[in-house]
Amino acid sequence: MSGNSNGMQTCPSKEELMKKINEHSFAVDDLLLYLDTHPDCEKGLQCYRENVKKRKEALKLYAKNYGPLTIDTADECASKSWEWVLQPWPWENKGGCR
Amino acid sequence: MDRYAMNRCGRQPHSQAPVQPRKQCAPVEEECKKEPSMFHGLQNLPVAMAYVPCQTFKTTFELCKALQLGTIFPELFKPFCGERRCCR
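Heads up: the protein sequence lines correspond to chains Y and S, in order. Going by our numbering, the first residue of the first sequence is number 26, and it counts up by one from there. Going by our numbering, the first residue of the second sequence is number 110, and it counts up by one from there.
This is the structure:
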């Protein structure tokens, strides 16, 4: 599957971007557990912030090119219609579950 | 390989997964082999006491590997490989 281009910015493929989102989401979850017991760890906090930032960027890029995954990126594609409801349902093959 | 029979560490490579243009992670089994003995040094501790050493932030796994292994922290990667098992 080739990368899609949208305006000036080239975008990774849908699968590649989803993988990146999953990886950063997992890292954020694991760092959250670590920070629960180490709330003053600067290295941990920094790593958490970096991963949250990259996750948000990836979610925005995904929403803009392939449709929103989260409600806070629902209007990222600035379409005339409400893209959120037009996305595949999670239990559909095209959705998140396989 | 017998020792891995009870619980394989991670999954086999995704043979039917879509082609991924990004670089592949090293196989999970390689990570299992790196695991040092977690029982080293226990003989020097008093008996009948329980210990939970405090974790400190060191390095993290590559993210694609972390997702496979179930943790981003190498020191928390504790695969059950059937070591030290005994018959009861």
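From the three backbone atoms N, C-alpha and C, an ideal C-beta is built for every residue, glycine too.
Beta-carbon proximity of residue i to residue j, cut-off 9 Å
i	j	result
K89(Y)	E101(Y)	yes
E41(Y)	L172(S)	no
T180(S)	F189(S)	no
C66(Y)	A52(Y)	no
G92(Y)	E82(Y)	no
L94(Y)	L84(Y)	yes
L178(S)	E140(S)	yes
V137(S)	K167(S)	no
Rounded distance between the beta-carbons of residue j and residue i, thought under 8 Å
i	j	result
F107(S)	T169(S)	Within the shown structure, residues of chain S are numbered from 110 to 197, placing residue 107(S) beyond reach of any answer.
L111(Y)	C36(Y)	Contact flag wrong, Cβ pair sits at about 19 Å.
Any non-hydrogen atom of the ligand GTP within 8 Å of residue i CB
i	result
L154(S)	Absence of the ligand GTP is noted for the structure shown, with no ligands found whatsoever.
**Asked** Which ranges would you report for the alpha helix (DSSP H) in the region 47 to 103 of chain Y if only whole runs of at least 4 residues count?
**Response** Listed in chain order, the complete alpha helix (DSSP H) runs (minimum 4 residues) inside the region 47 to 103 of chain Y are 67 to 91.
(message) Any contact between the region 65 to 81 of chain Y and the region 99 to 119 of chain Y? By contact I mean 3 or more CB pairs, one from each, below 8 Å.
(response) Touching, no.
Next on the checklist: At a CB distance below 8 Å, what residues from the region 172 to 188 of chain S approach chain Y? Give them in sequence order.
Outcome noted: For the region 172 to 188 of chain S, the beta-carbon criterion of a distance under 8 Å to any beta-carbon of chain Y is satisfied by L172, C173, A175, L176, T180, I181, F182.
Q | Near-chain Y residues of the region 152 to 169 of chain S (beta-carbon distance less than 9 Å), N- to C-terminal order | A | Listed by position, the residues of the region 152 to 169 of chain S near chain Y (Cβ gap below 9 Å) are C163, Q164, T165, F166, K167, T169.
**Study point:** Within 7 Å of chain S by C-beta, residues of the region 99 to 122 of chain Y in sequence order
**Key:** Cβ contacts with chain S come from no residue of the region 99 to 122 of chain Y.
Please name the residues in the region 48 to 65 of chain Y whose beta-carbon is closer than 8 Å to at least one beta-carbon of chain S, in chain order. Per Cβ criterion, the list reads E48, H49, F51, A52, D55, L56, Y59, T62, H63.
Counting only runs of 3+ residues fully inside the region 150 to 176 of chain S, write out the beta strand (DSSP E) ranges in chain order. Qualifying beta strand (DSSP E) stretches: none in this window.
| request: Output, in sequence order along the chain, the residues in the region 75 to 94 of chain Y whose CB is closer than 7 Å to any CB in chain S. | output: Taking 7 Å as the cut-off between beta carbons, none of the residues of the region 75 to 94 of chain Y comes near chain S.
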